[in-house]
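To start, the structure itself, in structure tokens.
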Amino acid sequence: MLAFGALLSIFVRMELGGVMYRQFNVWRINDNGGVVIYRCFEKLDNKMFCVQSADYFNEPITDVKLYNSEKQALELFIEEAPDSRSGLYPSVEEAIEKFTIDFS
């Protein structure tokens, strides 16, 4: 089974034309004690930001939940470029705000 974080460091997506992205996570602690992990990307050619997805966790956190989260993030990345899903923004904060509005 994949260790949590094994796929979290850096993703690079190569497409025709050589489009590359740097992946990173932003964590938000909810009022209820759970966390939201935003799967963020920086498009390297223009330094703009987007959010691919968000994972919501509460205790108990199991290996199955972690594995499914990682698997789903990778599958989504392969299926669709992250900026085509949520658009590009000049800051990661703006990208998260827009993603939260659009996908809540």
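The sequence shown begins at 1 in the numbering used here and counts up by one. Glycine is no exception: its CB is placed at the ideal position from the N, C-alpha and C atoms.
Which residues in the same chain as residue i place their Cβ atom closer than 8 Å to its Cβ, once the five residues preceding and following it in sequence are excluded?
{"i": "Glu-94", "result": "Phe-49"}
Taking the beta carbon of residue i as the centre, do at least 16 other beta carbons fall within 10 Å, making it buried, or is it exposed?
{"i": "Tyr-38", "result": "buried"}
{"i": "Ile-96", "result": "buried"}
{"i": "Gln-23", "result": "buried"}
{"i": "Glu-70", "result": "buried"}
Cβ atoms of residue j and residue i: under 8 Å apart, would you say?
{"i": "Phe-57", "j": "Lys-65", "result": "yes"}
{"i": "Val-19", "j": "Trp-27", "result": "no"}
{"i": "Ser-86", "j": "Asp-102", "result": "yes"}
Might you give, ordered along the chain, the residues of its own chain that have their beta carbon closer than 6 Å to the beta carbon of residue i, omitting 5 neighbours on each side?
{"i": "Tyr-89", "result": "Phe-49, Ala-95"}
So, for residue i: in the same chain, excluding its five sequence neighbours on each side, which residues have a beta-carbon less than 7 Å away from its beta-carbon?
{"i": "Pro-82", "result": "Tyr-21, Phe-41, Cys-50, Gln-52"}
My output table needs one value for residue i: the three-state DSSP class, helix, strand or coil.
{"i": "Val-64", "result": "helix"}
{"i": "Ser-104", "result": "coil"}
{"i": "Cys-54", "result": "Checking the sequence shown, residue 54 turns out to be Ala, not Cys. Correct three-state label for Ala-54: strand."}
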